[in-house]
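Written out below as structure tokens is the structure these notes cover.
Protein chains: 6
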Amino acid sequence: MRGFLIGRWQPFHKGHFSIIEEISKEVDELIIGIGSAQKSHTLNDPFTAGERIIMITKTLKKYNFPYYVIPINDIEFNAIWVSYVEALTPPFDVVYSGNPLVRELFMEKGYTVKKPKLYNRSEYSGREIRRRMLEGERWEHLVPEEVVEVIKEIDGVNRIRRLMESDYY
Amino acid sequence: MRGFLIGRWQPFHKGHFSIIEEISKEVDELIIGIGSAQKSHTLNDPFTAGERIIMITKTLKKYNFPYYVIPINDIEFNAIWVSYVEALTPPFDVVYSGNPLVRELFMEKGYTVKKPKLYNRSEYSGREIRRRMLEGERWEHLVPEEVVEVIKEIDGVNRIRRLMESDYY
Amino acid sequence: MRGFLIGRWQPFHKGHFSIIEEISKEVDELIIGIGSAQKSHTLNDPFTAGERIIMITKTLKKYNFPYYVIPINDIEFNAIWVSYVEALTPPFDVVYSGNPLVRELFMEKGYTVKKPKLYNRSEYSGREIRRRMLEGERWEHLVPEEVVEVIKEIDGVNRIRRLMESDYY
Amino acid sequence: MRGFLIGRWQPFHKGHFSIIEEISKEVDELIIGIGSAQKSHTLNDPFTAGERIIMITKTLKKYNFPYYVIPINDIEFNAIWVSYVEALTPPFDVVYSGNPLVRELFMEKGYTVKKPKLYNRSEYSGREIRRRMLEGERWEHLVPEEVVEVIKEIDGVNRIRRLMESDYY
Amino acid sequence: MRGFLIGRWQPFHKGHFSIIEEISKEVDELIIGIGSAQKSHTLNDPFTAGERIIMITKTLKKYNFPYYVIPINDIEFNAIWVSYVEALTPPFDVVYSGNPLVRELFMEKGYTVKKPKLYNRSEYSGREIRRRMLEGERWEHLVPEEVVEVIKEIDGVNRIRRLMESDYY
Amino acid sequence: MRGFLIGRWQPFHKGHFSIIEEISKEVDELIIGIGSAQKSHTLNDPFTAGERIIMITKTLKKYNFPYYVIPINDIEFNAIWVSYVEALTPPFDVVYSGNPLVRELFMEKGYTVKKPKLYNRSEYSGREIRRRMLEGERWEHLVPEEVVEVIKEIDGVNRIRRLMESDYY
Numbered sequence: 011m012r013g014f015l016i017g018r019w020q021p022f023h024k025g026h027f028s029i030i031e032e033i034s035k036e037v038d039e040l041i042i043g044i045g046s047a048q049k050s051h052t053l054n055d056p057f058t059a060g061e062r063i064i065m066i067t068k069t070l071k072k073y074n075f076p077y078y079v080i081p082i083n084d085i086e087f088n089a090i091w092v093s094y095v096e097a098l099t100p101p102f103d104v105v106y107s108g109n110p111l112v113r114e115l116f117m118e119k120g121y122t123v124k125k126p127k128l129y130n131r132s133e134y135s136g137r138e139i140r141r142r143m144l145e146g147e148r149w150e151h152l153v154p155e156e157v158v159e160v161i162k163e164i165d166g167v168n169r170i171r172r173l174m175e176s177d178y179y
Numbered sequence: 011m012r013g014f015l016i017g018r019w020q021p022f023h024k025g026h027f028s029i030i031e032e033i034s035k036e037v038d039e040l041i042i043g044i045g046s047a048q049k050s051h052t053l054n055d056p057f058t059a060g061e062r063i064i065m066i067t068k069t070l071k072k073y074n075f076p077y078y079v080i081p082i083n084d085i086e087f088n089a090i091w092v093s094y095v096e097a098l099t100p101p102f103d104v105v106y107s108g109n110p111l112v113r114e115l116f117m118e119k120g121y122t123v124k125k126p127k128l129y130n131r132s133e134y135s136g137r138e139i140r141r142r143m144l145e146g147e148r149w150e151h152l153v154p155e156e157v158v159e160v161i162k163e164i165d166g167v168n169r170i171r172r173l174m175e176s177d178y179y
Numbered sequence: 011m012r013g014f015l016i017g018r019w020q021p022f023h024k025g026h027f028s029i030i031e032e033i034s035k036e037v038d039e040l041i042i043g044i045g046s047a048q049k050s051h052t053l054n055d056p057f058t059a060g061e062r063i064i065m066i067t068k069t070l071k072k073y074n075f076p077y078y079v080i081p082i083n084d085i086e087f088n089a090i091w092v093s094y095v096e097a098l099t100p101p102f103d104v105v106y107s108g109n110p111l112v113r114e115l116f117m118e119k120g121y122t123v124k125k126p127k128l129y130n131r132s133e134y135s136g137r138e139i140r141r142r143m144l145e146g147e148r149w150e151h152l153v154p155e156e157v158v159e160v161i162k163e164i165d166g167v168n169r170i171r172r173l174m175e176s177d178y179y
Numbered sequence: 011m012r013g014f015l016i017g018r019w020q021p022f023h024k025g026h027f028s029i030i031e032e033i034s035k036e037v038d039e040l041i042i043g044i045g046s047a048q049k050s051h052t053l054n055d056p057f058t059a060g061e062r063i064i065m066i067t068k069t070l071k072k073y074n075f076p077y078y079v080i081p082i083n084d085i086e087f088n089a090i091w092v093s094y095v096e097a098l099t100p101p102f103d104v105v106y107s108g109n110p111l112v113r114e115l116f117m118e119k120g121y122t123v124k125k126p127k128l129y130n131r132s133e134y135s136g137r138e139i140r141r142r143m144l145e146g147e148r149w150e151h152l153v154p155e156e157v158v159e160v161i162k163e164i165d166g167v168n169r170i171r172r173l174m175e176s177d178y179y
Numbered sequence: 011m012r013g014f015l016i017g018r019w020q021p022f023h024k025g026h027f028s029i030i031e032e033i034s035k036e037v038d039e040l041i042i043g044i045g046s047a048q049k050s051h052t053l054n055d056p057f058t059a060g061e062r063i064i065m066i067t068k069t070l071k072k073y074n075f076p077y078y079v080i081p082i083n084d085i086e087f088n089a090i091w092v093s094y095v096e097a098l099t100p101p102f103d104v105v106y107s108g109n110p111l112v113r114e115l116f117m118e119k120g121y122t123v124k125k126p127k128l129y130n131r132s133e134y135s136g137r138e139i140r141r142r143m144l145e146g147e148r149w150e151h152l153v154p155e156e157v158v159e160v161i162k163e164i165d166g167v168n169r170i171r172r173l174m175e176s177d178y179y
Numbered sequence: 011m012r013g014f015l016i017g018r019w020q021p022f023h024k025g026h027f028s029i030i031e032e033i034s035k036e037v038d039e040l041i042i043g044i045g046s047a048q049k050s051h052t053l054n055d056p057f058t059a060g061e062r063i064i065m066i067t068k069t070l071k072k073y074n075f076p077y078y079v080i081p082i083n084d085i086e087f088n089a090i091w092v093s094y095v096e097a098l099t100p101p102f103d104v105v106y107s108g109n110p111l112v113r114e115l116f117m118e119k120g121y122t123v124k125k126p127k128l129y130n131r132s133e134y135s136g137r138e139i140r141r142r143m144l145e146g147e148r149w150e151h152l153v154p155e156e157v158v159e160v161i162k163e164i165d166g167v168n169r170i171r172r173l174m175e176s177d178y179y
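Chains as they are written, first to last, in this note's numbering: chain A, 11 to 179; chain B, 11 to 179; chain C, 11 to 179; chain D, 11 to 179; chain E, 11 to 179; chain F, 11 to 179.
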């Protein structure tokens, strides 16, 4: 059985990782969709699809679990989005998502849809981690160590801070 | 004389219907544009273009008035939007719209533009009807009975409620 | 039962009309898709979607048969095209098309697909009619008289001839 | 040395002009990018790219300084935006922008990036000028006289006011 | 009076230059549209919009004639193309083009359209010049000397030759 | 060192596989780009991106070599294509491609570009394999056995044959 899990992974954190660990007990293979793949360099979506792929694959390297990572651009046309995902990915049987729109769209097309359990939601949260980066608080303990490395290599924290500077146009 | 009336019809309600009744006295044929045709499955735009077409044509079936229903995608380029509408529709002489941007764009291209009268705006309002659906209040009396049927068939009220669930990504 | 018939209708001719007559015996309602809606002003696709809608609705006006005319832009992404059509139209049960790609795409999604019979294919052909227009031969007897009127009003034959002039860039 | 300066110029005002005067001392030629070129007819972006080009070229006509004005559409894909600008413009050595995202994107690609000084920011501000137009206050002294002429010719102030009318769809 | 002249300028050659010289006697200002601006790196369209802008502005620098160079992307939607051009450029009164589609589209919108005279068409031809580059024949005498310089700087002839290598995928 | 290899893989054949075997000796990780990802259901590009991903991953499963498979849509804008690929993939040091346009684009951006050796080009060719499928000749020995399985499961040969039927619109 193959599963499909989609998220924005901005950045990939320990909560995401534990979700994948749980799902890996239920499916034989997992497709990990990189949602909003075209977005980057904003406070909400600081990292490119390529950077997010590296975060995920470095972290999962040591685990012997078969998965695919597929970037999925937003298409701003909800009614055809499931079909778009199907065209870009191997077929799958079950969909995992914490996002109600994603669940609704797949459910209406007849998919089995599950809502993964997320532990420690107040800290294992992309929004919280980005806020900590911006305000100079500790964030490294909330993501896998491989993700810390990736973000340091690309100077990701400074990218986020520079994007916050005021604009006067 | 042919008229053009554009709206989002999310959903098509009795206020919309009375506007069409009024306009039908002034024109020989009416083009009904389905605005933001590509949008669906959001709280603001829950229904697909196809679903909205069905709502309108079922309601108007018993009236012997010649009209066209044409889905119009957003193109996010205001200065060419009138030209885009002209390419997709039969030619028309007068434009009806409650939206000031639509009126401005057509007016600048030299069209006669009219603002249809809307009765009972506080209740005959897409926003109010969607709010009532979401909160479990009575909404059925605000739309034509054919629209009630369509929304029941597609389980539209539950779609809106499911889209409201919290997201934790 | 609702049917879906898609074509480019460049222009709408008597062969098209006889197809619709046949289909009208099999279905209760017919959705007529205007394929390649965004195309116009080329030798292969001279008429805009709006012009093609007028040709069809003028011709069908005298027949008491319920139909919808929906412009469908090309999206250059075959694997999601059926989903795109579904989003823009009321639901349908059976698809009619002379185009093998259209038939294949709908068939793979589980639709019943039929190939309409076309009489007198050498003359009832968009390509043949456009060739006759270009070369100044008689074409009017191959299309419904309403279509002759529409093409005369928009000076369509001269449009095609002017497009054939040589280019030296 | 060639410089690149991008802005939305909604409208082009005296603060913009003084920035160009400053930059003209540092570079031999200047490319002036018209950002969000596809936007117009909104309260935030009332003027078309063509209208903004006229404002700039009329103002700069009397100054003997070589510059290019290039409209740049938004592409909603930050990671490829620099490459998009490079494809549409002559090559440049230094980038001037008040926008932190623009600076970040060019900086990550290795460009020298400078933040132009802006005098009298509370008044020499597109937002403030649009607010004054909307509320009927004096705005003409904040833009070059050529810009006043352009806006009068296109009846720009009334465009903005009409766009503010309430919408009831 | 302002004129609009559009071409692909692949590359800008002496025939193009003599057209501009002629037009400059008829209009006060000229908008030079860079057609198919998004295309480059093919045998038919080897040069980017930025490279073509440089060719034109370097050549015209010594002539004291006011002009604008505006890149215009293809939009593959003929019926709205005139409107698209209008949005991106200052207003103009007369259109010059050797391309019958361009002339038809502007003529149908009511513009005065002129077909510029082209001398020595067999040699002053983008296609012929690209062929000569590819086959190692002399081409430099067919373009302004500034264009020779630009093409040498970007190693344009070798670009074209490398694009001709066989492909085995 | 990470390499990037892009192809259309229509279908993935033994020639492709031997290229990957060769490259795997030179790099530590390989990104395999699925070119023209949005294309499918044509004689030239019969298989979806998802189907091609399955062909590749099933074939490579038994080899212990780290790779990524990333679908890459065509964007019809050559000058920004490299930047588009970079945004969607992990960073890479060397590019492998049999396509001269791909090589040129990466070379101009400063990448090391290599042309992989291909054995038995007359038979190990997507075009030849598709021709054989269409004409009912033997093709199975030209692709890995896992690819034979995938194509059988999706009834790929009949898809290609049905697409060849004549069209009479």
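Idealized CB from N, CA, C, for every residue including glycine. Computed from a predicted structure; not experimentally measured.
Would you tell me roughly how many angstroms separate the C-alpha atoms of residue i and residue j, rounded to the nearest one?
i: Gly13 of chain F; j: Ile29 of chain F; result: 12 Å
i: Thr58 of chain A; j: Gly43 of chain A; result: 14 Å
i: Phe75 of chain C; j: Asp38 of chain C; result: 8 Å
i: Leu1 of chain E; j: Glu96 of chain F; result: Shown here, chain E extends from 11 to 179; a query on residue 1 of chain E therefore has no answer.
i: Lys124 of chain B; j: Glu32 of chain B; result: 12 Å
i: Arg171 of chain B; j: Leu70 of chain C; result: 42 Å
By the 10 Å Cβ neighbour count, where 16 or more other Cβ atoms means buried, how is residue i classified, buried or exposed?
i: Gly146 of chain D; result: exposed
i: Gly120 of chain E; result: exposed
i: Glu156 of chain C; result: buried
i: Pro101 of chain B; result: exposed
i: Gln114 of chain E; result: Note that residue 114 of chain E is Glu in the sequence shown, not Gln. It is buried - the Cβ of Glu114 of chain E has at least 16 other Cβ atoms within 10 Å.
Measure from the C-beta of residue i to each C-beta in chain B and report whether the shortest distance is under 9 Å.
i: Pro110 of chain A; result: yes
i: Phe22 of chain A; result: no
Strictly under 9 Å for the Cβ-Cβ distance: is residue i near chain D by that measure?
i: Leu115 of chain B; result: yes
i: Val92 of chain F; result: yes
Does any C-beta atom of chain F lie closer than 9 Å to the C-beta of residue i?
i: Val123 of chain D; result: no
i: Leu173 of chain E; result: yes
i: Glu118 of chain D; result: no
Residues in the same chain with beta-carbon distance under 6 Å from residue i, minus the five sequence neighbours each way, listed in chain order, please.
i: Thr99 of chain B; result: Ile41, Ile80
Using a Cβ-Cβ distance under 9 Å, would residue i count as near chain C?
i: Phe57 of chain E; result: no
i: His181 of chain F; result: Any property of residue 181 of chain F remains undetermined from this structure, which presents chain F solely from 11 to 179.
i: Ala97 of chain E; result: no
Nearest chain E C-beta to residue i closer than 9 Å, yes or no?
i: Asn83 of chain D; result: yes
Among residues of its own chain, excluding the 5 on either side of residue i, which ones have a beta-carbon nearer than 7 Å to its beta-carbon?
i: Arg142 of chain C; result: Arg148, Trp149
i: Asp84 of chain C; result: Ser46, Gln48
For residue i, which residues from the same chain have a beta carbon less than 8 Å from its beta carbon, with the 5 sequence-adjacent residues on both sides left out?
i: Ser50 of chain E; result: Pro56, Phe57, Thr58, Ala59, Glu61
i: Glu138 of chain B; result: Ser132, Leu152
Could you check whether the Cβ of residue i sits closer than 9 Å to any Cβ belonging to chain A?
i: Phe102 of chain C; result: no
Going along the stretch 44 to 55 of chain B in order, which residues come within less than 8 Å of chain A, judged by CB to CB distance?
Those would be Gln48, Lys49, Ser50, His51, Thr52, in chain order.
Relative to chain B, which residues along the stretch 13 to 40 of chain A have a C-beta separation below 7 Å, given in chain order?
Listed by position, the residues of the stretch 13 to 40 of chain A near chain B (Cβ gap below 7 Å) are Gly17, Arg18.
So if I threshold CB-CB distances at 9 Å, which residues from the stretch 64 to 81 of chain F count as touching chain A?
Listed by position, the residues of the stretch 64 to 81 of chain F near chain A (Cβ gap below 9 Å) are Ile64, Thr67, Lys71, Pro76, Tyr78, Val79, Ile80, Pro81.
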